[in-house]
Structures are given as structure tokens and as C-alpha cells.
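Down below is the structure, laid out as C-alpha cells.
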Amino acid sequence: MGRAERNSTTTKQAAAGEVNGASVEVWPHQVIKIAIDMHSKLWVAARQVDNAVPQPPQKFTPQQCRQFIAKQVTLAGKVVCCYEAGCFGYAPQRQIEKLGAQCLVIAPQNWDERNKRVNTDRTDTMAMLQRLDRYVAGNIKALAVVRVPSEAEEVARSRVREREQFMSDRNRWASRGKSLLLQYGLCASWSWWKPDRWEKTRQAIAEQLPLYAQELLLILDDYYQAVWAASEKLEALTIEQQKKQKQRNSKNRLHGIGELSQSRIEAEIGDWNRFANRRQVASYTGLCPGVSGTGGLFMNLSVNKCGNRRLRSVLMELAWLLVRYQPQYPPLQRWKAVLSGANRSAKKKAIVALARRLAVDLWRIGSGRSSPEKLGLQLAA
1475 MGRAERNSTT TKQAAAGEVN GASVEVWPHQ VIKIAIDMHS KLWVAARQVD
1525 NAVPQPPQKF TPQQCRQFIA KQVTLAGKVV CCYEAGCFGY APQRQIEKLG
1575 AQCLVIAPQN WDERNKRVNT DRTDTMAMLQ RLDRYVAGNI KALAVVRVPS
1625 EAEEVARSRV REREQFMSDR NRWASRGKSL LLQYGLCASW SWWKPDRWEK
1675 TRQAIAEQLP LYAQELLLIL DDYYQAVWAA SEKLEALTIE QQKKQKQRNS
1725 KNRLHGIGEL SQSRIEAEIG DWNRFANRRQ VASYTGLCPG VSGTGGLFMN
1775 LSVNKCGNRR LRSVLMELAW LLVRYQPQYP PLQRWKAVLS GANRSAKKKA
1825 IVALARRLAV DLWRIGSGRS SPEKLGLQLA A
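Residue numbers (my numbering): 1475 to 1855.
Rendered as C-alpha cells:
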């Protein structure tokens, strides 16, 4: 506990004063800033009171740290906390906000800016606190603040992402089975587990490896059961998401964009009105090119990928589908010569530009700034 805090009142009964004849509350401090480095059983927090020197980090359990923050709320007119986004999600932010403090969720980064190769909870927390101080002072670029979705948006997004996780599980188990077969000289495709090939795979093992067929089939059968369990759950989730998307107001669904792709986009975006301009939309996708320049000379680099990778992947898929289903789309007409050419590198660049423009147009449609007809897009039948 700092000297300023020890000399001040520790209750919320602030001293009373008068301004222009009206009584106001006079807080011991104006603003307290707290940076938190979170772990499952340990939170490391550093505090700065007003413009004083930052205090050394302290170790707390999560419950103790919340109690510590609640006490700071009684000592200042404003308490601002921050922590890095990660596996803990947004639950700590909501808990801290309920205590009366403002809590920022920021994008993770390497806090060792000078590359001293000293990276501890203490150094990270102090570096985070210095950035938070600059942010509170008005430098909004000091921290990359992450938008906190509502609980309803977060649950819907988790449900959509669950389908992707089961798809990954199915592909992983199928690849393990294929790897096992290749290890013993049996050339099999990825779909060895499907009904029309499973019996042929078993027969091939019995014929080519008669001495060890029983042992190999036991291993392969474990993979087979895991593949089918993931596949059945994947199919159920697919049907569920398609039904939900059809029940929603999908009159603005574009031709060539299916229910699953639409649900993925809506889940990752949450609310299109969160973006103020097209530059913010393009930046969130991570499809903007990097730039390297000095002395008046500039060179464009590959896309920076500083955004939502799940949204970026579905936009890239849809960009290729636009070539087939939306041939009259104006940006596609611009890149038509490149996409029909033989230069593969140029094609990839054109598709990235097309995906970035598609994201901007989807924002214009979703936020009501424009309509598909004005943008040259065809609606689904």
C-alpha cells in the first residue's frame, strides 16, 4: 500500500465540498490505473495513482485481486484496469466492471520493446501499466483495445466455432488413420473411413499384412470410431446452424454465400455498426498490405494478418466463389483480366483485394449504408 493511500481515507465516504454553491464529492485521488497479468491461479497487478511513480507489481489470487480493485474504487473518482485478451475471455472484464471500475481488454503483444530478452510477469505488467497511463492521458494508440461482445454474441460465436473445432477433430483423426496405413505400405486416401471404402481398407490390410492384420485393425478401428463420432457431431451442428440461419431475416443473403458462411461472418462480426468507416473494416480482416518505407521510398508487403483470422479465411473462400456466382460484381470486373491470366501470384493478390472489398461491401449492407443492388451484387434466390 502506497504512502498516499495510507494517508487517505479508505472508505467511500469522500469529503464534501462546494462548487458554485452545490455540494460535490472530493475524492482522495482523481484516477487510479491498474495493469493485470493474468494466470489461472495468480494475477500480477501493478498500480499507478494519478501521475505518481508506478508502484511495484503485487501478486494476488483472482479473488484477492478483485477485492483489491474494489478497494481502489473507494479511493478515486475513476479506476481504469487493463489485461491482455487470452484464454480467460471476457469474464474478468465483466467482473471488474461490476465492481465500478473501467476495464480494457487489450490485444496481446511482446512487451520487451527493446529486445532485452527479459520477459517476466513483473516486466510485462510494468510495461502494460506505462502504456495504460499514456492511453488514459489521451494517446488512444498506446493500446490496441479489443471490443468486448455481449454475452449473447459470445455464446453464438462459440457455437459457430464449435463446428469448426469438430471439423478439425475429424480431419485430424482421418489423417492419423491414413498415416498409419501409409506406414505399412498401404496407399489410402483421406476418406478411408467412409462406408464405401472402410471394408476395402480392412480387406487390404488382411491380404497384405496377414500376420499383423488383427493388431493393425485394432488401432485403425480406434481411429475409425473417433472419426465417426466427430463426423456425426459435425453433421448435427451443420444442420442446426443452417436451420438457425434460415429462420433469421436472410433477405440480404447474397448469391453464392451459403448459410454456413453467413453464420460464420455474423458470428465473428457481431455488430456491423461497431465500425465507423471502411478502413476499420479492412483492418479488422487483416487483409491490408504491409508497408515498408524510408527516405521517401515505399514498398508494399504481403498482408499483415493483424485481424480476425477466422473471418479472413471465410472471406478468402467467398472471394473465389464470387468469380463463379457474381461475375458482374464491379470489383471482379476490375480484376477479371488478372484472374483469367496465368500468373498465379497476381491471382492471389487480386483475390486478396477482392476479399477486402467484399468485407467493406458487406459492412455497407449490414449497417444500412447501401444495398446489394447499388453495389452490383445479386441476392440469393
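Cβ atoms here follow ideal geometry from the backbone N, Cα and C, with glycine treated the same way.
- Between the beta-carbon of residue 1617 and that of residue 1509 there is about 10 Å, and that puts the pair past the 8 Å contact cut.
- Around residue 1747, the same chain offers 1841 as residues with beta carbons nearer than 6 Å, after the five sequence neighbours per side are excluded.
- Taking C-alpha positions only, residue 1674 is separated from residue 1782 by approximately 42 Å.
- Residue 1843 and residue 1749 have their C-alpha atoms roughly 12 Å apart.
- Residue state for residue 1779 is assigned as coil, using DSSP reduced to three classes.
- Beyond the five residues adjoining it in sequence on each side, residue 1567 comes within less than 7 Å, by CB distance, of 1577, 1579, 1622 in the same chain, given in chain order.
- Note on the segment 1657-1699: whole alpha helix (DSSP H) runs with a minimum of 4 residues are 1669-1682, in chain order.
- The Cβ neighbour count for residue 1520, taken over all protein chains shown within 10 Å, is at least 16; the residue is labelled buried.
- The residue from 1836, 1604, 1776 with its alpha-carbon nearest to that of residue 1820 is 1776.
- Fewer than three beta-carbon pairs drawn from the segment 1586-1605 and the segment 1536-1551 are found closer than 8 Å, and the two stretches are therefore not classed as touching.
- Secondary structure of residue 1521 (DSSP, three-state): strand.
- DSSP lists 1773 as the beta-bridge partner residues of residue 1766.
- Straight across, the Cα-Cα distance linking residue 1658 with residue 1650 is about 13 Å.
- Bounds of any alpha helix (DSSP H) do not take in residue 1586, whose DSSP letter is neither H nor E.
- Where residue 1835 is concerned, there is no enclosing beta strand (DSSP E), although the alpha helix (DSSP H) around it starts and stops at 1818-1840.
- For the options 1798, 1852, 1790, 1745, the alpha carbon positioned closest to that of residue 1823 is the one of 1790.
- Between residue 1550 and residue 1501 a beta carbon distance of about 6 Å is seen, short of the 8 Å cut, so the two are scored as contacting.
- The C-beta separation of residue 1828 from residue 1851 comes to about 12 Å, leaving the pair out of contact by the 8 Å criterion.
- Residue environment: residue 1661 is assigned as exposed (fewer than 16 neighbouring CB atoms within 10 Å of its CB, all protein chains considered).
- Annotation: residue 1587 to residue 1663 spans about 48 Å, alpha carbon to alpha carbon.
- Distance between residue 1653 and residue 1670, taken at the CA atoms: about 19 Å.
- DSSP places residue 1847 in the coil class of the three-state scheme, outside both helix and strand.
- Sorting 1534, 1778, 1764 by C-alpha distance to the C-alpha of residue 1772 places 1764 at the top.
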